[in-house]
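See below for the structure under consideration.
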Ligand SMILES: Nc1nc2c(ncn2[C@@H]2O[C@H](COP(=O)(O)OP(=O)(O)O)[C@@H](O)[C@H]2O)c(=O)[nH]1
Ligand SMILES: [Mg+2]
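In the working numbering, the protein residues as written are 1156 to 1502.
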């Protein structure tokens, strides 16, 4: 089956700069509503509105650069700067500019043609990674998904959205394990999502061993006949060693049940952290076998271009993107729509 798809009471160190992340689970749109059902609004337009922050700047820069004249080196340098400013990263920006100038250098080129050409090039980078998460039913146990990422990236929210969609849209039986055992509020937040989705929630007391939660959750999910088990984890560990130890232990104990577990390990990245997302991918790949990405907060990000750099550099599948806080705001990642939106092509 193809899935297209804080109340910070204490100060805790993270891998990235602290960012305000209210813990409150927002009001949901009606369960049957999808982003596309909102009046006159498709998820792409929602992405467009959000990416507006990224594309407004890039769009403006492109407009200033290309005023119907021959494509020269100065303009290409300006284009490279504009792409870097839009968070695509220097290596990817240089690659795009090189491809763009091919066959166009010294020729007259207008604004629309520039946007269309750039959208094509960006889509070409994104297409290979725009892959749905493919679920299967392994033997008699659930399909196990380990969800990792730094504090505030959107792990818990993403798990809630996935659960909601898989239960309500696909009729799957979903279990969720509260592997972020640091704070009661973290478990509570997950429970609200699980209850709303109609998913089974498996948790232990605050401070419990996350690996023990994961180990027992698998057995309980299996006994209950769950199709999917998602394991939430903490990203607020004190340093990389702690993070590594905890995730490794979770994976190790899961493998005692079955060597093929976890079947997927998703890294959740907050697009508003821009280039820092690269460091997060590197760190988590050292720690665990990341099989795919989910990029969140594209609805309000001025740094959506980072997605292009991530795709270009790591080639990891991007399964879905977060475009809001509601259950319907997790959407399949569409390479062409994203590319067009980024360079400011509407509709
Ligand atoms: N606008 C927006 N907010 C999001 C999105 N995903 C998560 N959030 C918010 O980001 C904050 C942190 O999310 P959370 O799931 O608690 O992060 P975690 O620490 O990784 O579990 C919460 O306020 C979420 O509502 C998204 O796609 N768009
Ligand atoms: Mg969380």
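Ideal placement from N, C-alpha and C gives every residue a C-beta, glycine not left out.
- Message: By the three-class DSSP mapping on this structure, what secondary structure does residue 1494 have?
- Response: helix
- Looking at C-alpha atoms only, which residue of 1302, 1309, 1352, 1336 is the closest neighbour of residue 1325? 1352
- Query: By DSSP, does residue 1387 sit in helix, in strand, or in coil?
  - Reply: strand
- By Cβ distance below 6 Å, which residues in the same chain neighbour residue 1433 in space, the five residues on each side in sequence not counted? none
- Where residue 1241 sits in the DSSP three-state scheme: Correct three-state label for residue 1241: coil.
- Item | Three-way DSSP call (helix, strand, coil) for residue 1337 in this model | coil
- Task: Could you check which residue in 1212, 1354, 1308 has the C-alpha nearest to that of residue 1243?
- Result: 1212
- Query: Regarding residue 1423 and ligand 1, is the C-beta to nearest heavy atom distance less than 7 Å?
  - Reply: yes
- Where in the region 1261-1306 do unbroken runs of the beta strand (DSSP E), each at least 3 residues long, occur, reported from the N-terminal end onward? 1298-1303
- Task: Compare the C-alpha of residue 1483 against each of 1496, 1313, 1273 and name the closest.
- Result: When only C-alpha atoms are compared, the closest one is 1313.
- For residue 1250 versus residue 1467, is the C-beta spacing smaller than 8 Å? yes
- Item | Among 1500, 1308, 1471, 1486, nearest to residue 1428 - alpha-carbon criterion | 1308
- Query: Near residue 1365, what residues of its chain come up, given a Cβ to Cβ distance below 8 Å and the 5 sequence neighbours on each side ignored?
  - Reply: 1334, 1335, 1336, 1388, 1389, 1401, 1404, 1405
- In terms of residue numbering, what span does the alpha helix (DSSP H) encompassing residue 1400 cover? It spans 1395-1412 - the alpha helix (DSSP H) in which residue 1400 sits, taken as one unbroken run.
- For ligand 1, any of its heavy atoms closer than 7 Å to the Cβ of residue 1484? Short note on residue 1484: C-beta closer than 7 Å to some heavy atom of ligand 1.
- Message: At 4 residues or longer, what runs of the alpha helix (DSSP H) sit wholly inside the region 1351-1388?
- Response: 1365-1378
- Given residue 1260 as reference, the closest of 1342, 1373, 1232, 1471 once Cα atoms are compared: 1232
- Query: Taking 7 Å as the cut-off, is the CB of residue 1310 close to at least one heavy atom of ligand 2?
  - Reply: yes
- Task: Any chance you could list the alpha helix (DSSP H) runs of at least 4 consecutive residues sitting entirely within the region 1435-1480, in chain order?
- Result: Qualifying alpha helix (DSSP H) stretches, in chain order: 1461-1469.
- Message: Does residue 1418 pass the burial test, meaning 16 or more other C-beta atoms within 10 Å, or should it be called exposed?
- Response: buried
- DSSP three-state call for residue 1228: helix, strand or coil? helix
- For the candidate residues 1395, 1368, 1296, 1302, whose alpha-carbon lies nearest to that of residue 1446? 1302
- Query: Quick one: what's got a C-beta closer than 7 Å to residue 1495's C-beta in the same chain, skipping five residues either side?
  - Reply: 1274
- Message: So for residue 1425, helix, strand or coil by DSSP?
- Response: strand
- Compute every distance between the C-beta of residue 1360 and the non-hydrogen atoms of ligand 2, then say whether any falls below 7 Å. no
- Message: Let's test the definition: count the other Cβ atoms within 10 Å of the Cβ of residue 1246 and tell me whether it reaches 16, buried, or not, exposed.
- Response: exposed
- Excluding the five sequence neighbours on either side, which residues of its own chain have a C-beta within less than 8 Å of the C-beta of residue 1346, listed in chain order? 1333, 1356, 1358
- Query: Any heavy atom of ligand 1 closer than 7 Å to the CB of residue 1489?
  - Reply: no
- Does the Cβ-Cβ distance between residue 1298 and residue 1264 come in under 8 Å? no
- Message: Please list the terminal residues of the continuous beta strand (DSSP E) segment that includes residue 1320.
- Response: Where residue 1320 is concerned, there is no enclosing beta strand (DSSP E), given that its DSSP letter is neither H nor E.
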